[in-house]
Structure formats: C-alpha cells, structure tokens
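Colleague: For the sequence shown, counting from 1, position 137 maps to 123 in the numbering used here; every step adds exactly one.
Yeah, the Cβ is synthetic: ideal placement off N, Cα and C, and Gly gets one too.
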Amino acid sequence: MAERPSGNPRAASVDAPVAELVRRATEQITRLVRDELMMARAEMTAKGKRAGVGAGLLGGGAMLGLYAGGAAVATVILALAAFMPATLAALIVTVILAIAAAIVAKGGKKQVTKAMPPTPTATRDSVRADTETIRGAASRRKQ
-13 MAERPSGNPR AASVDAPVAE LVRRATEQIT RLVRDELMMA RAEMTAKGKR AGVGAGLLGG
47 GAMLGLYAGG AAVATVILAL AAFMPATLAA LIVTVILAIA AAIVAKGGKK QVTKAMPPTP
107 TATRDSVRAD TETIRGAASR RKQ
C-alpha cells in the first residue's frame, strides 16, 4: 500500500468526499444545462408557431385588402358609368371587405407582436437565476 506524501491519515478521508462532491456537481451542472437547452428549444418552438400564425393572418389581411382594392375600382367604374343602385352594392362590398381586411390584419399583427422578441426569454431568466444561485452558494461556502 502506497503512503501519501503528506503522511497525514486525515488527508485520505478528506479526498474522498471532495472527489464525490466534484462528481455530483459535474452531474448536476450537466443535468442543469441539458434541462435549460430543452426548455429553450420548447420556448423557441412555441414562438415560431405563434409567428407562423401571425404571418398567415397578415397574408389573409393582405389578400382581403387586395379584394377591397378590386371592389373599390369596380365601384369607381360603376359610379362613373351610371348612377344606378349597382354602385351602392359595389360600395357596400368594398366597405365590408375593407373592414374584414382591417380585422384580419390587426389579428395578425397581434400574433406577431406576441411572438417577439424571438429569444427564449423564460430560459434566459432561468439560466440567470441558476447562475445567481450557484454564485450565492459558492460565496456562502467561502465564508
């Protein structure tokens, strides 16, 4: 059996717990990083879906706006061609399409705004809290 250079029998008993503490700390940090990455991935997936829905609604609003423009053109043509009830019908369609376009575009903007900023804020805050906890524990241990 090899002797320790220090010749101190207590040194062997101190080394074992330190090694165990280092091993457990390494496992816990690995688990913490893995969990934070999983949380970031889940958060980014949710934000991506919300942004996709918002983009779809904005596209729908743009399409309805295009139809409103077409109806407005038809209204002007009919109004200039003859002053008949057909112009009133064309105007009603134009107003309805314009209102629908505004409603859909507003909903799309709201969805895109909810998705911003595209950073995983909850994960970032969690990592900051974990870092502060570790720093606090380390400073208490030093005292």
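Whole-angstrom Cβ separation of Leu77 and Ala54, contact assumed at under 8 Å?
Modeller: Your numbering for residue 77 matches position 91 in the sequence shown. Your numbering for residue 54 matches position 68 in the sequence shown. The Cβ separation is near 11 Å, so there is no contact.
Colleague: Looking at Pro106 and Ala26, is the spacing between their C-beta atoms short of 8 Å?
Modeller: Residue 26 sits at position 40 when you count from the first residue of the sequence shown. Residue 106 sits at position 120 when you count from the first residue of the sequence shown. Yes.
Colleague: Can you give me the C-alpha to C-alpha distance between Thr73 and Gly46, rounded to a whole angstrom?
Modeller: In the sequence shown, counting from the first residue as 1, residue 73 sits at position 87. In the sequence shown, counting from the first residue as 1, residue 46 sits at position 60. About 26 Å.
Colleague: With a 10 Å radius around its C-beta and 16 neighbouring C-beta atoms as the bar for buried, classify Thr80 as buried or exposed.
Modeller: Working through the sequence shown from its first residue, we reach residue 80 at position 94. That one is buried.
Colleague: Assuming Ala87 contacts Leu50 under a Cβ cut-off of 8 Å, what Cβ separation, rounded to an integer in Å, is found between them?
Modeller: As a working note, residue 87 is residue 101 in the sequence shown. As a working note, residue 50 is residue 64 in the sequence shown. About 4 Å; that satisfies the 8 Å criterion.
Colleague: With 16 other CB atoms within 10 Å as the buried threshold, where does Ile85 fall?
Modeller: One-based indexing of the sequence shown puts residue 85 at position 99. Per the 10 Å Cβ criterion, exposed.
Colleague: Can you tell me whether Leu43 is buried or exposed? The criterion is at least 16 other CB atoms within 10 Å of its CB, across all chains shown.
Modeller: Taking the sequence shown and counting its residues from 1, the one referred to as residue 43 is at position 57. So Leu43 ends up on the buried side.
Colleague: Leaving out five residues before and five after Gly93 in sequence, what residues of the same chain have Cβ atoms less than 6 Å from its Cβ?
Modeller: Taking the sequence shown and counting its residues from 1, the one referred to as residue 93 is at position 107. Cβ neighbours of Gly93 beyond the five flanking positions: Leu43.
Colleague: What is the DSSP secondary structure of Thr16, reduced to helix, strand or coil?
Modeller: Start at 1 with the first residue of the sequence shown, and residue 16 comes out as number 30. Residue state, collapsed to three classes: helix.
Colleague: Rounded to the nearest angstrom, what separates Pro(-9) and Glu29 at their Cα positions?
Modeller: In the sequence shown, residue -9 corresponds to position 5, counting from 1. In the sequence shown, residue 29 corresponds to position 43, counting from 1. At Pro(-9) the pLDDT is 49, less than 50, meaning the model places this residue with poor confidence and gives no usable figure here.
Colleague: Within 10 angstroms of the Cβ of Ala123, are there 16 or more other Cβ atoms? Answer buried if so, exposed if not.
Modeller: Your numbering for residue 123 matches position 137 in the sequence shown. So Ala123 ends up on the exposed side.
Colleague: In angstroms, rounded to a whole number, what distance separates the CA positions of Leu23 and Val39?
Modeller: Here residue 23 corresponds to residue number 37 of the sequence shown, with the count starting at 1. Here residue 39 corresponds to residue number 53 of the sequence shown, with the count starting at 1. Using only the alpha carbons, I get a separation of about 25 Å.
Colleague: Excluding sequence positions up to five away, which residues of its chain have a Cβ less than 8 Å from the Cβ of Lys100?
Modeller: Indexing the sequence shown from 1 puts residue 100 at position 114. Result list for Lys100: Arg36 and Gly40, in chain order.
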